[in-house]
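For the working numbering, count along the first sequence from 1 and bump the result up by 186.
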Amino acid sequence: MQTYQAKEIEAKWQRVWAEAGVHRTDPDATKTKFYTLEQFPYPSGEGMHMGHVRVYSIGDVIARFKRMNGYRVLHPMGVDAFGMPAENAAIERGVNPRDWTLNNMKKFREEQERLGISYDWDRYLATCLPDYYRFTQWLFLLFYERGLAYRKKASVNWCPDCATVLANEQVENGKCWRCDAEVTKKELEQWFLKITDYADRLLEGLDRLPRWPERVKTMQRNWIGRSEGAKVTFTLPELNDEPVTVFTTRPDTLYGVTYLVLAPEHPLVERLIAGKEKEEELRAFIEQMKKESEIERTAADAEKVGMDTGAVARHPLTGETVPVWIANYVLMDYGTGAVMGVPAHDERDFQFARKYGLPIRHVIQPRDGELENPLAEAYTGEGVLINSGPFDGMDNREAIRAISDQLAEKEAGGPAVTYRLRDWLISRQRYWGCPIPIVYCDGCGAVPVPKEELPVLLPEDVTFDGKRNPLTTSESFVQTTCPSCGGPARRETDTMDTFIDSSWYFFRYADAKNDRLPFDPERIREWLPVDEYIGGIEHAVLHLLYSRFFTKVLYDAGLVHVDEPFTSLLTQGMVLRDGAKMSKSKGNTVSPLEIIERYGADTARLFILFAAPPERDLEWSDSGVEGCYRFLGRVFRTVMRHEELFRNRPEARPEKGPARDLYRRIHRTIKKVTEDVGERYHFNTAISAIMELMNAINEYPEDADRGTLADALETGVILLAPFAPHLAEELWHAMGHETSVHEQPWPSYDPEMLVEEEVEMAVQINGRVRDKLVVPVTADRETVEQLALNQERIKNHLSGKTVRKVIVVPKKLVNIVAN
RNA sequence: GCCGAAGUGGCGGAAUUGGCAGACGCGCACGACUCAAAAUCGUGUGGUCUUUCGACCAUGUGGGUUCGACUCCCACCUUCGGCACCA
């Protein structure tokens, strides 16, 4: 008896498939396209981990299933290969970042190949290679031409450990997303992409993505942080009526303003305090607040501290003056960096006013009653305006509009929208990234490198000393000529955030070898959008927001016909062990290669798909893996035991008895697996259905119809093909087939076969199951009711009781209500 | 604090539209095969009580709707995730 030799089977078929090129994208344009994509990996030196195995296994089931269902599938793979680890290896070990990366890429790809995923390797791409990054530069120039890439001096996030700046999205709780170091602020001139121009469209687009998880959409909405209200312009009498504008979501409370607060960094602060009696004190106070880190300043429980500048501001509608304060809780990078204080109707303002003895003026009255005086807390609810001049008696929701309009009329502000989203800071003071294709000329300023001169290649003659951006050490790179005037010029030495590289790679797969353009719009039309995108939740805001932004810009430029890149998003859960995420530092990792070595890729894939539905976290279990290996071994032995059957295949005669039962089981299984894989992505229950079919096959009597048995075995192998592709292929050929099981059409089921002739119904009394009843499916309600009432057990239970009501749910149960 | 997701046997999980809770797998127990072990095959397996028949309890907690609730409604508890002085 042969035994299941996973390693040999897998090596054999991987070789055969590669030689025949079976995973190349189907050229048959008459078929419906399906683009399924797993987030491409960063090829770290450690190679693949179980999280990778999980995404790829999920993607491969979908790809194979769609192919068998007659779709033309695009299923590509590549690497997100720029990034800091390569550079750190260069600093620590003196290796060349390119060689180091290429070596890791090769190892990574070999590991992926051993999983037997059906990728079209012809479309493989690596973001760090010039044939890719020249088009990253091309796209940067497109943004530049469209006014969406600009340079400005700003206070930016700086990670001291990574020695580079970071985008807002890459700072988590004041720490660097990569290395966890405390992020500080630095005043630097940097490149930004104008993602804020797309804030509303990025929000609106979310409403057209029903197949995205709600929580990812919520996270993006939170991040964008759209806030509707009004801008209100006060004036500063002592500075020649210089305007100072605040943003508020509650313009209806404008008559309740009793003070203004500016951020310590506000540009008017310097002029306001100059010459004031308490100037020295104020200056010291401002310095101290500026020194406090972002997190200290913005922690919810941080004490609100402020100081009166001694200056006053004039109210645009009443003409009254109110004091101007400076306080730590007002942030320069949100809204206008200045707020109006309405203590009666804002909790924060209330606290602040109480602490510093500022006046509190009620301007909103609840509809049912009066506010207590003095207030114990701010009243933030709805109501009617009071103490508000011409607006008295107006509903506050109406007043929001009326007061905004009045402000607009007086040219003192008007309706306004503010976002939490900031422009995307993309400069990085690092070597191993895509060079920004800009040249600085003393005469012409910042000049873009012409597209036909791309790529701007990364130089080799650089020094990695860990002290400065290595690019600045390359004379051959820095010294150049101005594309505009031909005079001497310097190159930009910052590289781009690697999230730019991954913001367009899904387009490149559609036309991966184009050497003229990033992609031909016709090829995009052929394949985009991505029908199913699979990846981790950690990119809910980062990669997924940036990619949506890029897509919208490319749409506006007429390069792509879609304005959302991913129709459906599947966020797979983490792989845990002992309840914690696998990580080297915790020492709870399981090596995919070791598992493949020991049990085979089919077992690894099957376990990871069987142990939990894809979106949920998955608890690793060694014995669970054993179980899946045993199952595959059982399938192998079962088919091999019946190998003879396929030499002289008898016609199936499933008319009666066990054959009919098995035949029904086949069709039920097809339905279950088709729906679970095709509609719900519940691979775990699909696998359990196949297990049940195999159990039924093993219980099938020796003397029952052989043809039906052969059908069952064949169907089982076909259904298993997307999950355990190597074993399925091996068994398919053992059954005497010449073609690949993966080219088989997906089986269809006969709906008539799903209808049983007899059904077992539960008989309940007052909702408790007391007996079972087997009836023909055709039996009508009355018959079923009578049968149920005449069951011995039921009669016993009913003795002494009166039947009040009988509910019959056809094919399910009978419930007798009695007391 | 706000928003979101989830709580089901010893474990992973199933129950798709309000209709027999615990499919499938793991683990465990017993048995067959074996000199023995591994592998394999078979049987059983939510809890309590009961010799049996069976009865009762049970899907985080407490209520509600319903003939009937893991599923719907209300309140609460726990865990995880996101946002958080955002004006």
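Glycine included, each C-beta is placed from N, C-alpha and C at the ideal position.
Based on Cα-Cα distance, which residue from Gln930, Thr649 and Glu915 lies nearest to glutamine 200? For the purposes of this step, residue 200 is identified with residue 14 of the first sequence, where counting begins at 1. Nearest C-alpha to glutamine 200: Glu915.
Do you know how far the Cα of methionine 291 is from the Cα of histidine 912? Your numbering for residue 912 matches position 726 in the first sequence. Your numbering for residue 291 matches position 105 in the first sequence. Spanning the two alpha carbons is a distance of roughly 24 Å.
Cα-Cα separation between threonine 757 and leucine 728, rounded to whole angstroms: Here residue 757 refers to the residue found at position 571 of the first sequence. Here residue 728 refers to the residue found at position 542 of the first sequence. Straight-line Cα distance between these residues: approximately 14 Å.
Buried or exposed: serine 934, going by 16 or more other Cβ atoms within 10 Å of its Cβ? If you number the first sequence from 1, residue 934 lands on position 748. With fewer than 16 other Cβ atoms within 10 Å, it is exposed.
Work out the CA separation of lysine 997 and valine 945 for me, nearest whole Å. The residue given as residue 945 occupies position 759 in the first sequence. The residue given as residue 997 occupies position 811 in the first sequence. If you take the alpha carbons of valine 945 and lysine 997, they lie about 6 Å apart.
Same chain only: Cβ atoms within 6 Å of serine 754, ignoring 5 sequence neighbours per side: Looking up residue 754 in the first sequence gives position 568. Arg397 and Glu718, listed in sequence order.
Under 8 Å, do glutamate 375 and lysine 403 count as touching if we go by C-beta distance? Working through the first sequence from its first residue, we reach residue 375 at position 189. Working through the first sequence from its first residue, we reach residue 403 at position 217. No.
Going by other Cβ atoms of all chains shown within 10 Å of its Cβ, with 16 needed for buried, is alanine 460 buried or exposed? In the first sequence, residue 460 corresponds to position 274, counting from 1. Under this definition alanine 460 is an exposed residue.
Asparagine 976 to threonine 964 span [Cα, whole Å]: Within the first sequence, residue 976 is the residue found at index 790, counting from 1. Within the first sequence, residue 964 is the residue found at index 778, counting from 1. Rounded to the nearest angstrom, the two C-alpha atoms are 19 Å apart.
Measure the alpha-carbon distance for phenylalanine 378 versus lysine 252 and round it to whole angstroms. Taking the first sequence and counting its residues from 1, one reaches residue 378 at position 192. Taking the first sequence and counting its residues from 1, one reaches residue 252 at position 66. Distance between the alpha carbons of phenylalanine 378 and lysine 252: 41 Å.
Would DSSP call methionine 877 helix, strand or coil? As a working note, residue 877 is residue 691 in the first sequence. Residue state, collapsed to three classes: helix.
Note down, in chain order, each residue of its chain lying with its Cβ closer than 8 Å to the Cβ of glycine 765, except the 5 sequence neighbours on either side. If you number the first sequence from 1, residue 765 lands on position 579. The answer, listed in chain order, is Glu805.
Please go through the stretch 836 to 899 and give each complete alpha helix (DSSP H) segment of 4 or more residues, from N-terminal end onward. 843 to 861 and 869 to 885
Can we say the stretch 731 to 747 touches the stretch 190 to 206, given the rule of at least three CB pairs closer than 8 Å? no
Under a Cβ-count criterion, where at least 16 other Cβ atoms within 10 Å of its own Cβ denotes burial, should aspartate 132 be classed as buried or exposed? The question about residue 132 has no answer, for the chain in this structure spans 187 to 1005.
Flag this pair as yes or no: are the beta carbons of alanine 974 and lysine 958 separated by less than 8 Å? Position 788 of the first sequence, counted from the start, is the residue given in the question as residue 974. Position 772 of the first sequence, counted from the start, is the residue given in the question as residue 958. Cβ atoms of alanine 974 and lysine 958: not closer than 8 Å.
Could you check if lysine 417 is buried or exposed, using at least 16 other CB atoms within 10 Å of its CB as the buried criterion? Here residue 417 refers to the residue found at position 231 of the first sequence. Under this definition lysine 417 is a buried residue.
Can you tell me which residues form a DSSP beta bridge with isoleucine 512? As a working note, residue 512 is residue 326 in the first sequence. DSSP lists Leu448 and Met493 as partners of isoleucine 512.
So the candidates are Arg802, Ile782 and Phe796; which of them puts its Cα closest to the Cα of methionine 760? For this step, residue 760 is matched to residue 574 along the first sequence. Closest option to methionine 760, Cα to Cα, is Arg802.
Enumerate in chain order the residues of its own chain whose CB-to-CB distance from valine 525 is below 6 Å, with the five nearest sequence positions on each side excluded. Position 339 of the first sequence holds residue 525. Within the same chain, valine 525 has close Cβ partners Val432, Val447 and Val516.
Three-pair Cβ contact test at 8 Å for the stretch 611 to 631 versus the stretch 267 to 281: yes
Kindly indicate which three-state DSSP category cysteine 362 falls into: helix, strand or coil? Within the first sequence, numbered from 1, the residue matching residue 362 stands at position 176. Strand, per DSSP.
Span of the alpha helix (DSSP H) around tyrosine 785: Residue 785 sits at position 599 when you count from the first residue of the first sequence. Element bounds for tyrosine 785: 778 to 785.
So, do the stretch 319 to 329 and the stretch 636 to 652 have three or more beta carbon pairs nearer to each other than 8 Å? yes
What does a CB cutoff of less than 8 Å around glutamate 232 pick up in its chain, not counting 5 residues either side in sequence? Here residue 232 refers to the residue found at position 46 of the first sequence. The answer, listed in chain order, is Lys770.
Inter-stretch contact at 8 Å, needing at least 3 Cβ pairs: the stretch 464 to 480 / the stretch 543 to 553: no
So, at 8 Å on beta carbons, what are the nonlocal neighbours of asparagine 884 in its own chain, with the 5 sequence-adjacent residues on each side left out? Here residue 884 corresponds to residue number 698 of the first sequence, with the count starting at 1. If we look at asparagine 884 and ignore the five residues flanking it on each side, its Cβ neighbours are Arg820 and Thr824.
Out of Tyr741, Leu454 and Arg956, which has the shortest C-alpha to C-alpha gap to arginine 979? Within the first sequence, residue 979 is the residue found at index 793, counting from 1. Residue Arg956 is the option with its Cα nearest to arginine 979.
Measuring alpha carbon to alpha carbon, tell me which of Cys345, Asp687 and Arg387 ends up nearest glutamate 368. For this step, residue 368 is matched to residue 182 along the first sequence. Of the listed residues, the one whose Cα sits closest to glutamate 368 is Cys345.
Name the two residues that bound the continuous beta strand (DSSP E) containing proline 962. In the first sequence, residue 962 corresponds to position 776, counting from 1. Start and end: 954 to 962.
If we count the other Cβ atoms within 10 Å of its Cβ and call it buried at 16 or more, is glycine 411 buried or exposed? Locating residue 411 in the first sequence gives position 225, where the first residue counts as 1. With fewer than 16 other Cβ atoms within 10 Å, it is exposed.
Which term fits glutamine 225, buried or exposed, when burial requires 16 or more other beta carbons within 10 angstroms of its beta carbon? Walking along the first sequence from the start, residue 225 turns up at place 39. Glutamine 225 comes out buried.
Assigned secondary structure, arginine 284 (DSSP; H/G/I helix, E/B strand, else coil): Taking the first residue of the first sequence as 1, we reach residue 284 at position 98. Helix.
To which residues of the same chain is arginine 850 closer than 8 Å at the C-beta, ignoring the five residues directly before and after it? The residue you call residue 850 lines up with position 664 of the first sequence. For arginine 850, where only same-chain residues beyond five positions count, the Cβ hits under 8 Å are Met939, Leu940 and Glu942.
By DSSP, does phenylalanine 420 sit in helix, in strand, or in coil? As a working mapping, residue 420 is identified with position 234 in the first sequence. Note: phenylalanine 420 maps to strand in three-state DSSP.
Find out if the Cβ-Cβ distance for the pair valine 664, arginine 654 is shorter than 8 Å. Along the first sequence, one-based indexing puts residue 664 at 478. Along the first sequence, one-based indexing puts residue 654 at 468. No, the pair does not count as a contact, with Cβ atoms beyond the cut-off.
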